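By the working numbering, the letter at position 10 of the sequence shown is numbered 24, and the numbering carries on one by one without gaps.
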Amino acid sequence: MILGTAIVPASAGQNLNCRMKLGGSYQTTGYRYHNVMSTDGSNLYGASASAAAAAISIGEGVGASLDFTMHIRNVTNATIRKLLHFYGAYMLNTGPSLALISGAGTNDNMGGLTGIRFMMSSGNIASGTFRLYGIRKQ
C-alpha cells in the first residue's frame, strides 16, 4: 500500500503519473488506466488504453494538492499483470472546490514488480510525502 499526502505539482494542471518497474526495467509504454473524478457540481472521467503511465489528476492553481491511497496486488508473481487501484481527494484552488478521485491501472507487460516511480506529467513534484507500507501475507 502506498499513501501519498499533500502532493503538490510545481506547475498547475498536471497529472501525477505512476510507472512500474517490471522485471528490472521501468516501463514507459503499455499502460491502461481509468479514473473518475467527482467535484462540487461536476463529474469527469479519464481513460487510456495506451499510455506512458497510469495517471491521477491533481487540481488547478496555487493551493491544489492531492492525498491518495494506492493498493497493488500480486507484486512478486511474474506471470500475471500487476493491477493497481487508488482512491483519494484533492482540492482545486478555483472555488475552492473539493474533488474525489478513484481509479485503476495496469501495464501490458508482465514480471515481478521491483519498483514504482511517481512523477508529474510535466515538471516536478514541488512537495508532498509518499509512504510505502507492506501488508503481511495471510
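Where is the CB? At the ideal position from N, CA and C, for every residue including glycine. No experiment lies behind these values; they were computed from the predicted model shown.
*Flag this pair as yes or no: are the beta carbons of leucine 112 and isoleucine 21 separated by less than 8 Å?*
No, Cβ-Cβ distance for leucine 112 and isoleucine 21 is not below 8 Å.
*Using three-state DSSP, classify lysine 35 as helix, strand or coil.*
strand
*Would you say tyrosine 45 and glycine 126 are within 8 Å of each other, going by their C-beta atoms?*
no
*So what's alanine 20 in DSSP terms, helix, strand or just coil?*
strand
*Selected residue, minimal CA-CA separation from valine 50, among Thr128, Ile115 and Ile130*: Ile115
*Give a yes or no on whether the C-beta atoms belonging to methionine 134 and threonine 83 are separated by under 8 Å.*
no
_Contacting residues, own chain, Cβ-Cβ under 8 Å from asparagine 91 (five flanking each side not counted)_ = Gly126
_Counting C-beta neighbours from all protein chains within 10 Å, is the total for alanine 78 16 or more, i.e. buried, or is it exposed?_
It is buried - the Cβ of alanine 78 has at least 16 other Cβ atoms within 10 Å.
*Quick one: using the 10 Å Cβ neighbour count with 16 as the cut-off for buried, is glycine 137 buried or exposed?*
Exposure of glycine 137 is indicated by the presence of fewer than 16 other C-beta atoms within 10 angstroms of its C-beta.
_Reduced DSSP category for valine 50 - H, G, I as helix; E, B as strand; rest coil_ = strand
_The beta strand (DSSP E) enclosing methionine 134, as first and last residue numbers_ = 127 to 134
_Let me check understanding here. Comparing Cα to Cα, which of Asn121, Ile139, Lys151 and Phe144 lies closest to glycine 37?_
Asn121
_Helix, strand or coil for asparagine 29? Go by DSSP, reduced to three states._
strand
*Out of curiosity, what's the CA-to-CA distance linking alanine 26 and threonine 42?*
For alanine 26 and threonine 42, the distance between alpha carbons rounds to 23 Å.
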